[in-house]
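Residues 6 to 237 (our numbering) make up the sequence shown, in order. The beta-carbon is built from N, C-alpha and C at its ideal position, and this holds for glycine as well. As the structure is a prediction and not an experimental result, all values here were calculated from the model.
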Amino acid sequence: MTDWLTPEEWQAVALSLRVSLVATLFSLPLGIFVAYALARWRFPGHGLLNGLVHLPLVLPPVVTGYLLLLTFGRTGWIGGFLDGWFGLVFAFRWTGAALAAAIMAFPLMVRAIRLTIEAVDPKLEAAASTLGASRPWVFATITLPLILPGILAGSVLAFAKAMGEFGATITFVSSIPGQTQTMPSAIYALLQVPGGEAAVGRLVVIAVVIAMGALLLSEWIGRMVARRVGGA
């Protein structure tokens, strides 16, 4: 692949993979918690939380990126605190691209995990509780093994979504070659350059292969979920 792509193109592909992997791994624990809360608990603000989780799906990505810039930029109320106390900067850094990708992919992850949790019979968890198991132990020994395929499916979907994220990312971290230029932003930049069609074609092929691979893997995991739930 390194012979087929230029160093700049390879940097964009590698950065996209890095951003997507970090975005998926770091958002997964929160995604499991939120999915469980939405599926099993009823509390004031349940509808509000559900709406906030799915808001990135309906907002224009540029709006999400702008809100991230206001919040996590160096002068933002969270970004300023993180920069001043911990030296952690998100705006115009690859970490900001990972944050933007995680937020845009989070609804898909939560939805996949939530549907799997809702398919688990609560009576199984109740039976374990009556035998004296604590709630965390019930989740670890009963719920988690049953929803593992859903967690994997949600992670795959989130990874694929993060790979293709463009609007929020370019608004929040711009498109700096070698630093924040992911594969989608590299494709956009090459489209503005005369004679860039060949490079665009190469990156598009890679994007399609990764996306199709992720979708096929997600479908396969989905069938695993159906068989497991059906046989329960």
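Query                                                                                                                                                                                                : Result
Decide yes or no for the touch test of the region 205-219 against the region 161-171: beta carbon pairs closer than 8 Å, at least 3 of them.                                                         : yes
Out of curiosity, what's the CA-to-CA distance linking R79 and A102?                                                                                                                                 : 15 Å
Please identify the residue among A216, A191, W15 and A165 whose C-alpha is closest to the C-alpha of L30.                                                                                           : A165
What is the DSSP secondary structure of E224, reduced to helix, strand or coil?                                                                                                                      : helix
Pick helix, strand or coil for R232, following the three-state DSSP scheme.                                                                                                                          : helix
Label S190 either buried or exposed according to how many other C-beta atoms from any shown protein chain fall within 10 Å of its C-beta, with 16 as the threshold for buried.                       : buried
Quick check on S180: does DSSP put it in helix, strand or coil?                                                                                                                                      : coil
Let me make sure I understand the geometry here. Which of A28, A42 and G137 has the alpha-carbon closest to that of L120?                                                                            : A42
Measuring alpha carbon to alpha carbon, tell me which residue in L60, I156 and L104 is nearest P112.                                                                                                 : L60
With a threshold of 16 other CB atoms inside 10 Å of the CB of G218, please say whether the residue is buried or exposed.                                                                            : exposed
Which ranges would you report for the alpha helix (DSSP H) in the region 34-98 if only whole runs of at least 4 residues count?                                                                      : 51-63, 66-77 and 84-91
Got a sec, what are the start and stop residues for the alpha helix (DSSP H) V198 sits in?                                                                                                           : Run containing V198: none; DSSP gives neither H nor E here.
For V205 and A28, what's the separation of their Cα atoms in angstroms?                                                                                                                              : 25 Å
Using 8 Å as the cut-off, can you tell me whether the region 16-24 makes contact with the region 96-110, which would need three or more C-beta pairs spanning the two stretches below that distance? : yes
Alpha carbon to alpha carbon, how far is F177 from F97?                                                                                                                                              : 7 Å
I need the straight-line Cα distance from T69 to T135, nearest angstrom please.                                                                                                                      : 45 Å
With distances taken between CB atoms, is the gap from Q32 to M114 smaller than 8 Å?                                                                                                                 : Before going further, note that residue 32 is Ser rather than Gln in the sequence given. In contact: S32 and M114 (Cβ atoms closer than 8 Å).
Around the Cβ of V58, are there at least 16 other Cβ atoms within 10 angstroms (buried) or fewer (exposed)?                                                                                          : buried
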